[in-house]
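The structure appears below as structure tokens.
See below:
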């Protein structure tokens, strides 16, 4: 299915930066618009349909992240941009399948992005700490945190600013959100440390 | 709290070049700070994983729907591409057979209509949907099982009253827990406690912060299943609203509308 001709790149990008239902709709428009890439993945890169779909979904998720965080500069069309990401991810997937390598943990990718301005030494110190973490325990503590806390932290992880969270969750100001969010994080850290040690 | 705020400010891009150097120095010299930074990153990564998992499931659903539509469409094209002549020569016997066939089809259609309109087709359709789609709730694979996952496990083992009690305990502890509210409504629906289910779904509907809010869809499903006078009409309006506003479960709403109305 080709993108709806009435929807321009600019409109999709604009809707992706909105919140709630508008954003969900824009994500689906983006996904539907270029879903024929899956066939390219099967034909050009000899991937199984399931892998091609998974790679394509990863492509869209990655593009959404870049667009919403302002990393997509609009120097190329969305199609060109997406295809570049898709191509790289297909190559990664083939490498992964042929070398039987496990997927790199999300934190490693995230750390690499977020800590890009740090030296390699500092990054490797953080990476060692990440490797020592107990993700199952952290997941369980996170699930027990309470819906408001989890929602606030999830929105922040999804790229919402404190001001946007305040709007979405009916808090008075961004400052109140920041304080509450950090309090939630601190509660999580304490319960995680108690269970871990 | 101070360290977390400090880390948070760093990732918000609020630091000057000197402050960034200081931040890096702290990672190298203070292991507990580096540990806190790893915790901060892990938490963000886990939350992002959950969000992306949800997105991927949604994308897969969309892909399969589009594919099913494409197959339907290409089937038609396939027939057209077979090169059959558009006007066929019809023999005298073949000219007559459509009449009894049409009569038989008409009789069958009337019979089906009588059976369904006399009974409660909306109730049956909702029952079928519940049977096909709501028999199991999604579980998360993890070695540590939290209260929500325990309640889901009970539900999936068909221990519905116990699951209901567990979901409700969760809501008592944390009234804002949307997932527990959705599941409480669903378990009430399965237990045929329709008014209670409606109550849960209506509370959920008011939550504007959810990325996916299936409240209106489940509310209409409950009305279809309850099937009191006026319920079917109200359910139809709500399903139409789900479709018009492009809300969560839009495709399921479309399917129910097509099948029943």
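Residue numbers (our numbering), protein chains in the order written: chain X, 403 to 599; chain W, 11 to 271. A virtual CB, placed ideally from N, CA and C, is assigned to each residue, including glycine. As the structure is a computational prediction, the values presented were derived from the model and not from experiment.
1) Using a Cβ-Cβ cut-off of 8 Å (strictly less than) and excluding sequence neighbours within five positions of residue 222 of chain W, which residues of its own chain qualify?
2) Of all the alpha helix (DSSP H) runs that stay within the bounds of the segment 526-584 of chain X, which reach a length of 4 or more residues?
3) Taking the beta carbon of residue 171 of chain W as the centre, do at least 16 other beta carbons fall within 10 Å, making it buried, or is it exposed?
4) Can you list, in chain order, the residues of its chain with a C-beta nearer than 7 Å to that of residue 36 of chain W? Leave out the 5 residues immediately preceding and following it.
5) Taking the alpha-carbon positions, what's the residue 499 of chain X to residue 573 of chain X distance?
6) Looking only at C-alpha atoms, which of X:456, X:587, X:525 sits nearest to residue 495 of chain X?
7) Determine the burial state of residue 459 of chain X: buried for a count of at least 16 other Cβ atoms within 10 Å of its Cβ, exposed for fewer.
8) Below 8 Å between beta carbons: does that hold for residue 424 of chain X and residue 417 of chain X?
9) Provide the residue span of the alpha helix (DSSP H) that contains residue 161 of chain W, from first to last.
10) Tell me the rounded alpha-carbon separation between residue 443 of chain X and residue 560 of chain X.
11) Excluding sequence positions up to five away, which residues of its chain have a Cβ less than 7 Å from the Cβ of residue 590 of chain X?
12) I need the DSSP call for residue 185 of chain W, collapsed to helix, strand or coil.
13) Could you tell me whether the Cβ of residue 575 of chain X comes closer than 8 Å to any Cβ of chain W?
14) In this structure, how does DSSP classify residue 125 of chain W when only helix, strand and coil are distinguished?
15) Using a C-beta to C-beta distance shorter than 7 Å, which residues of chain W count as neighbours of residue 549 of chain X?
16) Residue 73 of chain W CB to nearest chain X CB: under 8 Å?
17) Look at the Cβ atom of residue 188 of chain W, then the Cβ atom of residue 177 of chain W, and state whether they are nearer than 8 Å.
18) Would you please verify whether the beta carbon of residue 490 of chain X is less than 8 Å from any beta carbon of chain W?
19) Between which two residues does the alpha helix (DSSP H) holding residue 256 of chain W run?
20) Between the alpha carbons of residue 535 of chain X and residue 562 of chain X, how many angstroms are there, rounded?
21) Quick one, which of X:454, X:579, X:539 has its alpha-carbon nearest residue 485 of chain X's?
22) So which residues of chain W does residue 427 of chain X contact, with C-beta pairs closer than 9 Å?
23) Using 8 Å as the cut-off, can you tell me whether the segment 521-537 of chain X makes contact with the segment 471-479 of chain X, which would need three or more C-beta pairs spanning the two stretches below that distance?
24) Determine the DSSP secondary structure at residue 448 of chain X, reduced to helix, strand or coil.
25) Is there a C-beta anywhere in chain W that falls below 8 Å from the one on residue 485 of chain X?
26) Relative to the alpha-carbon of residue 463 of chain X, which residue among X:580, X:578, X:541, X:428 has its alpha-carbon at the smallest distance?
Looking at the atomic coordinates:
1) In the second chain, counting from the first residue as 1, residue 222 of chain W sits at position 212. Counting only Cβ-Cβ distances below 8 Å, and skipping sequence neighbours, we find 64, 68, 258.
2) 537-545, 549-559, 564-571
3) In the second chain, counting from the first residue as 1, residue 171 of chain W sits at position 161. Counting Cβ neighbours within 10 Å, residue 171 of chain W comes out exposed, since fewer than 16 surround it.
4) Counting from one through the second chain, the residue named residue 36 of chain W turns up at place 26. The answer, listed in chain order, is 43.
5) Locating residue 499 of chain X in the first chain gives position 97, where the first residue counts as 1. Locating residue 573 of chain X in the first chain gives position 171, where the first residue counts as 1. If you take the alpha carbons of residue 499 of chain X and residue 573 of chain X, they lie about 47 Å apart.
6) For the purposes of this step, residue 495 of chain X is taken as the residue at position 93 of the first chain. Looking at the Cα atoms, X:456 is the closest of the given residues.
7) In the first chain, the residue the question calls residue 459 of chain X occupies position 57. That one is buried.
8) Locating residue 424 of chain X in the first chain gives position 22, counting from the first residue. Locating residue 417 of chain X in the first chain gives position 15, counting from the first residue. It is a contact, given that the beta carbons lie within the stated cut-off.
9) Counted from its first residue, the second chain places residue 161 of chain W at position 151. First-last of the alpha helix (DSSP H) with residue 161 of chain W: 157-166.
10) Taking the first chain and counting its residues from 1, one reaches residue 443 of chain X at position 41. Taking the first chain and counting its residues from 1, one reaches residue 560 of chain X at position 158. Roughly 28 Å between the two C-alpha positions.
11) Residue numbering aside, residue 590 of chain X sits at position 188 when the first chain is read from its first letter. Result list for residue 590 of chain X: 543, 544, 547, in chain order.
12) Looking up residue 185 of chain W in the second chain gives position 175. Coil at residue 185 of chain W, not helix or strand.
13) Walking along the first chain from the start, residue 575 of chain X turns up at place 173. Output row for residue 575 of chain X: interface = no.
14) In the second chain, counting from the first residue as 1, residue 125 of chain W sits at position 115. Residue placement at residue 125 of chain W is flagged as unreliable, the pLDDT there being 48, under the threshold of 50; the coordinate-derived value follows with that caveat. The answer is helix: DSSP assigns residue 125 of chain W an H, G or I state.
15) Along the first chain, read from residue 1 onward, the residue named residue 549 of chain X stands at position 147. Going along chain W in sequence order, the residues near residue 549 of chain X (Cβ under 7 Å) are 184, 186, 187, 188.
16) As a working note, residue 73 of chain W is residue 63 in the second chain. Yes, contact with chain X.
17) Taking the second chain and counting its residues from 1, the one referred to as residue 188 of chain W is at position 178. Taking the second chain and counting its residues from 1, the one referred to as residue 177 of chain W is at position 167. The answer is no: Cβ separation not under 8 Å.
18) Along the first chain, one-based indexing puts residue 490 of chain X at 88. Chain W, which has no Cβ nearer than 8 Å to the Cβ of residue 490 of chain X, makes this no.
19) The sequence position of residue 256 of chain W within the second chain is 246, counting from 1. Here residue 256 of chain W belongs to no alpha helix (DSSP H), and DSSP marks it neither H nor E.
20) As a working note, residue 535 of chain X is residue 133 in the first chain. As a working note, residue 562 of chain X is residue 160 in the first chain. Looking at the two C-alpha atoms, the distance is approximately 26 Å.
21) Reading the first chain from its first residue, position 83 is the one you call residue 485 of chain X. Of X:454, X:579, X:539, the residue nearest in Cα terms is X:454.
22) For the purposes of this step, residue 427 of chain X is identified with residue 25 of the first chain, where counting begins at 1. Simply 256.
23) no
24) In the first chain, counting from the first residue as 1, residue 448 of chain X sits at position 46. Reduced to three states, the DSSP call for residue 448 of chain X is coil.
25) Locating residue 485 of chain X in the first chain gives position 83, where the first residue counts as 1. By this cut-off, residue 485 of chain X is not an interface position.
26) One-based indexing of the first chain puts residue 463 of chain X at position 61. Considering only alpha carbons, the answer is X:428.
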